[in-house]
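A.B. asks: Just so we're aligned, residue 62 is where the sequence shown starts under my numbering, counting upward by one.
Positions of the beta carbon are idealized from the N, C-alpha and C atoms, including for glycine.
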Amino acid sequence: MESSPAMPLEALIFDVDGTLAETEEVHRQAFNETFASHGLDWTWSAELYRELLRITGGRERIRHYVERWSPRGGDAALARLAEMHAEKSNRYASLVTARGGDPRPGIRRLIRDAHDQGLRLAIATTTSAGNVKPLLRAFLGEGAASWFGVIAAGDIVPSKKPAPDIYLHALQELGVAASCCVAFEDSENGVRAASQAGLVVVATPSLYSSADDFSAAASLLSDLGEPDRPHRHIAGWRFSKGHVDLDGLRALLQHERATRERLRESIAL
62 MESSPAMPLE
72 ALIFDVDGTL
82 AETEEVHRQA
92 FNETFASHGL
102 DWTWSAELYR
112 ELLRITGGRE
122 RIRHYVERWS
132 PRGGDAALAR
142 LAEMHAEKSN
152 RYASLVTARG
162 GDPRPGIRRL
172 IRDAHDQGLR
182 LAIATTTSAG
192 NVKPLLRAFL
202 GEGAASWFGV
212 IAAGDIVPSK
222 KPAPDIYLHA
232 LQELGVAASC
242 CVAFEDSENG
252 VRAASQAGLV
262 VVATPSLYSS
272 ADDFSAAASL
282 LSDLGEPDRP
292 HRHIAGWRFS
302 KGHVDLDGLR
312 ALLQHERATR
322 ERLRESIAL
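1) List the endpoints of the continuous alpha helix (DSSP H) containing residue 322.
2) Please give me, in chain order, every unbroken run of the alpha helix (DSSP H) with length at least 4 that falls completely inside the region 106–137.
3) For the beta strand (DSSP E) containing residue 294, list its first residue and its last residue.
4) For residue 76, collect the residues of the same chain with a Cβ closer than 7 Å to its Cβ; drop the 5 residues on either side in sequence, then sort them by chain order.
5) May I have the straight-line CA-CA distance separating residue 132 from residue 125, to the nearest angstrom?
6) Within the same chain, show all residues whose beta-carbon is closer than 6 Å to that of residue 332, passing over the 5 residues directly before and after it, in chain order.
7) State the start and end residues of the unbroken alpha helix (DSSP H) segment that holds residue 96.
8) What residues are listed by DSSP as bridge partners for residue 287?
9) Since residue 262 is in the beta strand (DSSP E), which residue starts that stretch and which ends it?
10) Name the DSSP beta bridge partners of residue 150, please?
11) Residue 141 by DSSP, collapsed to three states: which one?
12) Excluding sequence positions up to five away, which residues of its chain have a Cβ less than 8 Å from the Cβ of residue 237?
13) Nearest CA to the CA of residue 209: which residue from 175, 227 and 219?
14) My understanding is that residue 284 touches residue 165, with C-beta atoms under 8 Å, so please give their C-beta distance in whole angstroms.
15) How many angstroms separate the CA atom of residue 302 from the CA atom of residue 291?
16) I need the straight-line Cα distance from residue 226 to residue 217, nearest angstrom please.
17) Which residue or residues does DSSP assign as beta-bridge partners of residue 242?
18) Please confirm if the region 148–156 is in contact with the region 87–106, defined as three or more CB-CB distances below 8 Å between the two stretches.
19) Could you pull out every unbroken beta strand (DSSP E) segment of at least 3 residues lying fully inside the region 195–234, listed in chain order?
20) Take residue 130 as the anchor and find which of 263, 113 and 143 has the nearest alpha-carbon.
21) Quick check on residue 254: does DSSP put it in helix, strand or coil?
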């Protein structure tokens, strides 16, 4: 049987928090400041927040906290949940803008290379849409937000990660096939969402997700790496240069497509 021609790499789709940058601590601070401003004596510790991150979406996270731990003032908080979450998002955007900061290793380089070579760029995240552009400006530069043709964020789809909805929406808006894209994630829920949408996933665990199950990722790395600072390979596909670049992603896509074709052939026998 003749092999099919290699599919081109046309687009990269990125999660935001934990993937572009280690931002979850900023979110945790914004939550705690919001609770205090509403007269609530709630403080989400790092340990508790790690558990709460298994619930995708800020509003959903607050609701789960109230229902699971029954804190004082919970019913009143749920009655003004939308207001509290909007305030938290504003606080987060202000904190990110004030702090500036650096993206995770390899992120800025890969995004710039993809943009320069004409690849499509997209965001697929459960965080609020208003949080995304301030972060892109702070971590990637003033013009970076305009490089992303699709910013799929927040509540624009019925179900959040680990459901594949946000990735299916991003693919539809991009107008490209899943087989021509690579997704970048930092959490188990994100990897599950992207892989269920048919995407090849490169996973880079973040501060709060190191204990997650990443078995659905095609490649598991400490970060994307830099030419002078290689990443640590953890599992799956190995990038020969020690950092993720477009040539390596094209080779990964070709490998994954061949693997899937062999699997289909074995099932058909």
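C.D. replies: By the coordinates alone:
1) Here the alpha helix (DSSP H) through residue 322 covers 307–329.
2) Complete alpha helix (DSSP H) runs here, min 4: 107–113 and 119–130.
3) 294–297 is the span of the beta strand (DSSP E), which, as asked, contains residue 294.
4) Excluding positions up to five away in sequence, the list reads 185, 186, 245, 246, 247 and 251.
5) Cα-Cα distance, rounded: 11 Å.
6) The requested residue 332 does not occur in the structure, where the chain is confined to residues 62 to 330.
7) Per DSSP, residue 96 is one residue of the alpha helix (DSSP H) stretching across 85–98.
8) Its beta-bridge partners are 290.
9) For residue 262, the enclosing beta strand (DSSP E) covers residues 261–264.
10) According to DSSP, residue 150 bridges with nothing at all.
11) Coil.
12) Only 71, 72 and 181 meet the Cβ criterion.
13) Ranking the options by Cα distance to residue 209, first place goes to 175.
14) About 5 Å; that satisfies the 8 Å criterion.
15) Approximately 8 Å, taken between the alpha carbons.
16) Between the alpha carbons of residue 226 and residue 217 lies a distance of about 9 Å.
17) Answer is 72.
18) Short answer: they touch.
19) Annotation: the region 195–234 contains the following complete segments of the beta strand (DSSP E) (minimum length 3 residues), in chain order: 211–213.
20) Considering only 263, 113 and 143, the residue with the shortest C-alpha distance to residue 130 is 113.
21) Three-state result, residue 254: helix.
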